[in-house]
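J.: Here it is, the structure, as C-alpha cells.
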C-alpha cells in the first residue's frame, strides 16, 4: 500500500516473507529476486505486472518459495518455471485464457490453486493430476464442461461459468474403494444447469457434504434454482428425523450456509 512503482532493492538475504501487494509495480528487474534464498511467501497482488515481466523467469531460483500471490495483475499466460517447492498459487483476476498441457507436472506439492476471474475456456485432460491438491477455485471463467479432479481434492469452486451439464465421469473416471475421492464441497451456482447433478456423484464422492447450486443462468429471463434431496443419504433415519426437527437438512441450504463454507477453509492466503 505504498504506491511503489519499482521493485525495492537491495533487500536483506534473511527475508522470509515479502509483501508487495497494492502497489504500482510493473517491472521486475532480472536480478530482483536473486539473493533471497529464504523467501517462502511472495505477495505481488494488485500491481501492474504483465507477461513481459515473466520472460526472465524471475521466480525460477526461489527454491524455498511456498506461496506466490499474483492476483489482480495483467497476466495473460501462466507464469513459467515456478519452483517445485510451491504449495499455494494465487492467480485470480488476471486475463489468463489457457493452462498449457503438463504445466503442473513440475509442481507436485501444490495444495491450493486459485484462478477465479480469468478467461479459461477449456481444461486439458489431467491438468490437475496433482497428488496433494486440496482446494481448486476456477470460478468466474468461461468453462463449458467439468474436468478430471484428483482424489485429494476437497473443495472445488466452478461457479459463474458456462457449464450446462456436470459430467461426473469426466471428474471421476473410475472408483477405487482403496483410494476414495475426498471431495466434500462443490460450488456450481451461476452456471447453465437445468437439472441437479446425477446421484452417481455420491458413489464417486462419498464424502461430499454440500453442493451449492444457488441460481443458474440457463434461462436469461428467469434464473433457475435447483434443489436436490440426495443429501439425505448421509443420514441414518434417526439422524434425519432429528435434523428435520431442527431444520438442519441440506435441502434448505441458504446463501448464508454457502458463505460460511466458503470462508473457513482459507487460512494460508494472507
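Residue numbers (full-length UniProt numbering): 1 to 270.
Backbone N, C-alpha and C define an ideal beta-carbon position, used for all residues, glycine too.
All values derive from a computational prediction rather than experimental measurement.
Applying the 10 Å Cβ sphere with the 16-neighbour rule, what's the burial state of residue 246?
T.: At residue 246, the pLDDT of 49 sits below 50, so the modelled position is not reliable; the number obtained from the coordinates is stated separately. Burial call: exposed.
J.: If distances are taken between C-alpha atoms only, which option among 16, 25, 127 and 211 comes closest to residue 190?
T.: 211
J.: Our contact map puts residue 84 next to residue 114 with C-beta atoms below 8 Å; I'd like the distance itself, whole angstroms only.
T.: With a beta-carbon spacing of about 19 Å, residue 84 and residue 114 fall beyond the 8 Å limit used to define contacts.
J.: Is the CB-CB distance between residue 218 and residue 193 below 8 Å?
T.: Cβ distance < 8 Å, so residue 218 and residue 193 count as in contact.
J.: Run through DSSP, which three-state label would residue 84 get?
T.: coil
J.: Rounded to a whole number of angstroms, what is the C-alpha to C-alpha distance between residue 196 and residue 165?
T.: 9 Å
J.: If we ignore side chains and look at the alpha-carbon of each, how far apart do residue 34 and residue 50 end up?
T.: 20 Å
J.: First and last residue of the beta strand (DSSP E) that includes residue 112?
T.: Segment 112–114, the beta strand (DSSP E) holding residue 112.
J.: Kindly indicate the opening and closing residues of the beta strand (DSSP E) around residue 25.
T.: Element bounds for residue 25: n/a, residue is neither H nor E.
J.: Please report how far the alpha carbon of residue 17 lies from the alpha carbon of residue 67, in whole angstroms.
T.: 9 Å
J.: Check this for me: beta carbons of residue 133 and residue 98, under 8 Å apart or not?
T.: Going by C-beta atoms, residue 133 is not nearer than 8 Å to residue 98.
J.: Using C-beta distances below 6 Å, list every residue in its chain close to residue 77, excluding the 5 sequence neighbours before and after it, in chain order.
T.: 51
J.: Go ahead and label residue 9 buried or exposed: buried means 16 or more other beta carbons lie within 10 angstroms of its beta carbon, across all protein chains shown.
T.: exposed
J.: According to DSSP, simplified to helix, strand and coil, what is residue 55?
T.: helix
J.: Could you compute how far the alpha carbon of residue 55 sits from the alpha carbon of residue 186?
T.: 36 Å
J.: In chain order, what residues of the same chain lie with their CB nearer than 6 Å to the CB of residue 30, ignoring the 5 residues before and after it?
T.: 56
J.: Among 136, 160 and 152, which has the Cα closest to the Cα of residue 144?
T.: 160
J.: Return the chain-ordered list of same chain residues with a C-beta closer than 7 Å to the C-beta of residue 64, the five sequence neighbours on each side being excluded.
T.: Once the five neighbours on either side are set aside, the close Cβ partners of residue 64 are 37, 38, 39, 40 and 85.
J.: From what residue to what residue does the beta strand (DSSP E) around residue 41 run?
T.: 41–43
J.: From residue 137 to residue 24, what distance separates their C-alpha atoms?
T.: 26 Å
J.: Please list, in chain order, all residues of the same chain as residue 58 whose beta carbon is under 7 Å from its beta carbon, the five residues on each side excluded.
T.: 28, 32 and 33
J.: Among 92, 73, 203 and 109, whose alpha-carbon lies nearest the alpha-carbon of residue 82?
T.: 109
J.: Decide if residue 128 is buried, meaning its Cβ has at least 16 other Cβ atoms within 10 Å, or exposed.
T.: Sixteen is the threshold: when 16 or more other Cβ atoms of the shown chains lie within 10 Å of the Cβ of residue 128, as they do, the residue is buried.
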